[in-house]
Every structure is written in C-alpha cells, then in structure tokens.
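Everything on this sheet refers to the single structure shown next.
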Amino acid sequence: CKSAGSWDTHGNNFNCLKENLLPEFDRAYSALIEDLNDRGLLDETLVMVTSEMGRKPKIGDPRSGGISGAGRDHWTHCLTDVLAGGGIKGGQTFGASDRYGEYPLNSPVTPADVTHTVYHAMGIDDLIAYDKLERPYHLLDDSKPLTALF
Numbered sequence: 001c002k003s004a005g006s007w008d009t010h011g012n013n014f015n016c017l018k019e020n021l022l023p024e025f026d027r028a029y030s031a032l033i034e035d036l037n038d039r040g041l042l043d044e045t046l047v048m049v050t051s052e053m054g055r056k057p058k059i060g061d062p063r064s065g066g067i068s069g070a071g072r073d074h075w076t077h078c079l080t081d082v083l084a085g086g087g088i089k090g091g092q093t094f095g096a097s098d099r100y101g102e103y104p105l106n107s108p109v110t111p112a113d114v115t116h117t118v119y120h121a122m123g124i125d126d127l128i129a130y131d132k133l134e135r136p137y138h139l140l141d142d143s144k145p146l147t148a149l150f
C-alpha cells in the first residue's frame, strides 16, 4: 500500500482501502461496538470516527499520482462521519451529496454542528466560556445539534 499504512491515500487509493485499511478498520470498529453493547455500555458511550476532510471525487489528480496513480486528493466540501452509541439511533444515514459526491445536496453539516451534536449527546446544549474580562460567550452559538440522529 503506497500510503504506508496511513489513511493519506493519495496514490493507489482503491487497493489500499479495499485490501488493507477498510478490513482492518471494520474488524476493530465492529469489535469495539459489539464489546460496548455486550457490556451494556453502548447507550452511554458515543463512538465517533471523523476526519478533517474527505477525498476529491475526481480520480487521477496530478497531485495524487495522475491517472495511473488512482489517487484522490483532499476535499473539504463533502465527507463522512460515523457515530454509534450515546443515544444515536443505529442503521441510519444523514444527509446526501450530489451525484458526483462533490457537494451536499441540502442541509450541509459543519464541523461546529458535529461538535454540538457530541455535546448534545452528553446533555450539554449550551457551553459558556469567559474572556479575559470575565464576559461570558457561548461556544455553541453558531451551530446546531443534529437531533434527528437521536
């Protein structure tokens, strides 16, 4: 795997994922979820897999080895997060992309929304911090929790 075991698969993207990265992830993630469930801890434990970006829909970007490299560059407009437990209803998807996987079709979700959702799962719907002059400000003001997931 050209990515040397990391998820930064600029080249040989599909083989790296199919043959190495995804099977390893699937075994570890499913074992964790099953273990938490068997111990009765899944309802009170939120497990989240996320990244700061997705992968560019266009295959063969020059930065990613060109056509023969079968790579995909970084793409911040559309990506996937996985959430389980912590009150999240299982077996659902949230949101959709356009037919090319480039941009959200509707209701785009921001990183702040995902953060707010994590706090919501912990029962925290307002998070207040204080500046140097002890004035309060709300850290979750510009976001909304994804309550449809619960």
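In my numbering, the protein residues as written are 1 to 150.
Note that CB positions come from ideal geometry on N, CA and C, so glycine has one too.
Helix, strand or coil at residue i according to DSSP, with G and I counted as helix
| i | result |
| --- | --- |
| Y100 | coil |
| R27 | helix |
| V114 | helix |
Residue i versus residue j - alpha carbon distance
| i | j | result |
| --- | --- | --- |
| S97 | G85 | 24 Å |
| L22 | H10 | 16 Å |
| G90 | K132 | 42 Å |
| D73 | P111 | 20 Å |
For residue i: DSSP bridge partner residues
| i | result |
| --- | --- |
| V82 | V49 |
| P145 | Its beta-bridge partners do not exist; DSSP assigns none. |
| R55 | H74 |
| P136 | Y130 |
Residue i beta carbon near the ligand FMN (any heavy atom closer than 7 Å)
| i | result |
| --- | --- |
| R99 | Looking for the ligand FMN in the displayed structure turns up nothing, as the structure carries no ligands at all. |
Q | Stretch pair the region 74–82 + the region 100–109: three plus CB contacts closer than 8 Å | A | yes
Q | the region 114–132 contacting the region 140–148, beta-carbon criterion three pairs below 8 Å | A | The region 114–132 and the region 140–148 touch, with no fewer than 3 CB-CB distances between them shorter than 8 Å.
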